[in-house]
Each structure stands twice: as structure tokens, then as C-alpha cells.
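In the working numbering, the protein residues as written are 24 to 391.
For every residue, glycine included, the Cβ atom is placed at its ideal position computed from N, Cα and C.
Model, not experiment: these values are computed from the prediction.
Here the structure comes first, spelled out in C-alpha cells, and everything after it is commentary.
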């Protein structure tokens, strides 16, 4: 619905989560990753057209090695940016005009990486066959992505597109039925292939905070892991774009080791300021050792508002060895939490560091 905010915001329901954090942490620690099912590991696979990403390093892209300094958009029109076309999608001239100053301000602040959700709110742009199985994409998705890439070229921005807001956004059978997992990957393969070689598309982020659905017993860890492996393998076969996943917190990371990701992402908010959840209280080396990570770690969401010592936070993530940090959010008026970013602090941080980026890619070429 154009112009609408989500009826319930999956990433921001901190009050609902707080009482469950300890139990969630224990459940996450008890879930094991079956390494025998490993299809792709970072040490053994190089994304086509991209350099290998080594643990603890910067993220290679377009001839440089970068600390990903950026922000979450995360949407302009909930469940509509990609798939509504001229009726509220990014290709709608009114939406594009509204996004122009947002991305211009982010770029001016040195925040060149923007994480943007795609199919939140039930994945409606994914077409279904008569049996409800995934069958393809609404073609307006491509028009909206093309419009977004044009904005990226204009403002020197690099996108991380988050496919799904949560596993529970999908019909359960798409996750639990191996045949339907394959069908979903096949339905998305043309999307991944169409934007092969696009310098402005840095990564596909498969799920936002999938651990909440796992820890709350909506779907099994094994089903989500199998879906992650299927999608990661398809991205790698069809494109040269990185694959990641937005973990709800550090405790979720062990679930995704060996599942085909090119780098890891975890979220951190102020209520996570104690124990093993506290990314700001530790550093990458300790997180890597504790969770067995084999790739860099980006902080994919955090608060960097004017009341949060934002510049100190930007600096802390950098100094602690993380490979990037993406603040929440560029359009606070479009989300219930109203979390704004101190863009002045972001700009001051970026001005002092030559490796924040990526920067200055060649213009995006036409899709395949």
C-alpha cells in the first residue's frame, strides 16, 4: 500500500523481545550447523568478478578493499518499493523524487552503502502457480530495481538488497519442502542473473533477522539453513554479487557458518549492552573466535542518532575490526521507531578514513 508504514515492524519490536533474549540465546547456542552439508565456503570460492573476502579484512569491490560505511533505508513504501512500479514503486516518479534527497544526503555524509528491503510484507511480487508454489517474479520488480540503480549511479551509492523480512514472510511449505525450496530459487534465478556484473549491487541479503522465527518455533533452523544454502548457491551460480544474511544479534551467527555466505552480518541495539550479545563491548577477533567465523563481520543495523554519541559508535565499529557498519535509518519518518541518523557524525567519521566506501564505480551497465 503506497505511502503506508508496516502494520508491525519485524526488526524493531524490542519491547516484545527483551523478555525472551536469554532463552533465545540459549536456544541459539544449542543449535548445531551440519558442516557436512557445506556447499560453498568463503575460503574455497571466489565470487565471479569479485575478489575473495578474507576473515577480518575489508570487503573487496570494484578494485578496492572497503570498510562498508552506510545506512539502512530500509524502505520508502512498505511492501511496495520493488514490485509496485508506477503505483508506489521506485519507478514511480513521485517516489523517485522523494528518494533523491535521501540518497544525496547519505552520499554527502560518506554513507555509500545502503541496505534496502525488497519483498517484505508477504513476498507478494513472487508469483504463485495454481498450487501456491513459487513460479516467477512480477516484471515490475525489474523496473523498480532499474530505477534504484539509476539513483545509485547518480549519487555514488552501493546497494545491499534484503530479499525477505523474515522466513515467516514466506509460506511455510516454501521453507520445509525441498522441492519448493528449489522452485523458489529457480523463480529468483533470473533476478540474480539479470544484474550480474552490476557494480552498484554489492550483496544479496537473504533474510532479515531469521533467528526470531527459529527461536520462537515458527520454523526449524534446519529448514531455514536449507533455504539459505539453496539461495546462496543460486546467487553464486547466476551472479558475481556477494551473499550475506542479517542476523538478529551475535548469538545467531553460529547458525550460518558453513551455509554459503560471503561475509556475515549481525545487528546491535542498545538493549544488547550486556553478555555475548554486545557487539560494541567486544571486537571482531573475539567474536570470530567464539563463533567460528570464516569471513568478515559487518554490523548491519545499529542506532546512531544525535543522542547516542554517534561519532564514537562509528569509530568504535571501525577500531574493533568489523568490516563495516550500517546505521538505522535514513527515513525515520517511514518507520515506527523513528530512529534517525546523525549524518554530521557519519560525515566526520568518513572524512578521516580513506577506506570507507565503496566509492566511484563505473556507471551501472544495462541489465542482461
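For residue 143, the secondary structure class from DSSP, reduced to helix, strand or coil, is coil. For residue 88, the CB contacts under 6 Å within the same chain, skipping 5 residues up- and downstream, are 81 in chain order. At a cut-off of 4 residues, the continuous stretches assigned as alpha helix (DSSP H) that sit fully inside the segment 317-376 are 333-342, 366-374.
Residue pairing from DSSP places residue 289 in a beta bridge opposite 270, 322.
In this structure, DSSP gives residue 83 an extended state, which the three-state scheme calls strand.
In the assembly as shown, residue 99 is a buried residue. Its beta-carbon has 16 or more other beta-carbons within 10 Å. For residue 227, the three-state secondary structure derived from DSSP is strand.
Approximately 4 Å separates the beta-carbon atoms of residue 323 and residue 288; this is inside 8 Å, confirming the contact. With a contact defined as Cβ atoms closer than 8 Å, residue 157 and residue 197 qualify at about 6 Å. Here DSSP, grouped into helix, strand and coil, assigns residue 219 to coil. Annotation: residue 112 is outside any beta strand (DSSP E) and is labelled neither H nor E by DSSP. Distance from the CA atom of residue 169 to the CA atom of residue 254, rounded to whole angstroms, is 22 Å. The beta carbon of residue 146 sits closer than 7 Å to the beta carbons of 187, 192, 193 from its chain, once the five residues preceding and following it are set aside; these are given in chain order. Using a Cβ distance threshold of 8 Å, residue 263 and residue 220 count as a contacting pair.
Per DSSP, residue 382 lies in no beta strand (DSSP E) segment and is marked neither H nor E. Rounded to whole angstroms, the separation of the alpha carbons of residue 349 and residue 200 is 34 Å.
Around the CB of residue 294, fewer than 16 other CB atoms lie within 10 Å, so the residue is classed as exposed. With distances taken between CA atoms, residue 333 lies nearest to 303 out of 357, 315, 303. Under the DSSP assignment, residue 127 falls outside any beta strand (DSSP E), being part of the alpha helix (DSSP H) whose first and last residues are 116-131.
Using a 10 angstroms sphere on the CB of residue 240, the tally of other CB atoms stays under 16, which defines it as exposed. The segment 356-376 makes no contact with the segment 103-113: fewer than 3 CB pairs, one atom from each, lie closer than 8 Å.
The beta carbon of residue 150 lies closer than 7 Å to those of 158, 159, 160, 161 in the same chain, with the five residues before and after it left out. By the beta-carbon neighbour count (other beta carbons within 10 angstroms, threshold 16), residue 152 is exposed.
The Cβ-Cβ distance between residue 267 and residue 226 falls below 8 Å.
In this structure, DSSP gives residue 99 a state outside helix and strand, which the three-state scheme calls coil.
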